[in-house]
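*Asks:* Each residue of the sequence shown is one higher than the one before, counting from 5 in my numbering.
I'd like to ask some things about the structure below.
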Amino acid sequence: MRYLLRKCLECGEYTFKEVCPYCGGSVRVPQPSRFSIEDRMGKWRRQQKKEFYKRMSNSETGV
Ligand SMILES: [Zn+2]
């Protein structure tokens, strides 16, 4: 593949250019496998956080 779709680190827009045409930010080529792992970790982390706060508020009302 000649054209690699890159993603702007600043605004998250996709572009074929080496610099984001939207905000001028730096871009990188997203790696699908790594991306999904990051996404999963993010989801997991968000859920843990959610559970943590849920437990916090639950114990607060419980006591
Ligand atoms: Zn951008």
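Glycine included, C-beta positions come from ideal geometry on N, C-alpha and C.
Can you pull the DSSP bridge partners for Y18?
*Replies:* Indexing the sequence shown from 1 puts residue 18 at position 14. DSSP, once it has assigned bridges, lists K11 as partnering Y18.
*Asks:* Give a yes or no on contact between the region 22-32 and the region 41-56, applying the rule of three or more CB pairs nearer than 8 Å.
*Replies:* No: fewer than three Cβ pairs fall under 8 Å.
*Asks:* Just to confirm before moving on: does the CB-CB distance between L9 and Y18 stay below 7 Å?
*Replies:* Within the sequence shown, the letter at position 5 stands for residue 9. Within the sequence shown, the letter at position 14 stands for residue 18. Yes; because the gap between Cβ atoms is below 7 Å, this pair is in contact.
*Asks:* According to DSSP, R32 sits in a beta bridge with which residue or residues?
*Replies:* The count along the sequence shown starts at 1 and reaches residue 32 at position 28. For R32, which the question treats as bridged, DSSP gives the partners K11.
*Asks:* Nearer than 6 Å: is that true of the beta carbon of E14 relative to any heavy atom of ligand 1?
*Replies:* Counting from one through the sequence shown, the residue named residue 14 turns up at place 10. Because some heavy atom of ligand 1 lies under 6 Å away, the Cβ of E14 counts as near it: yes.
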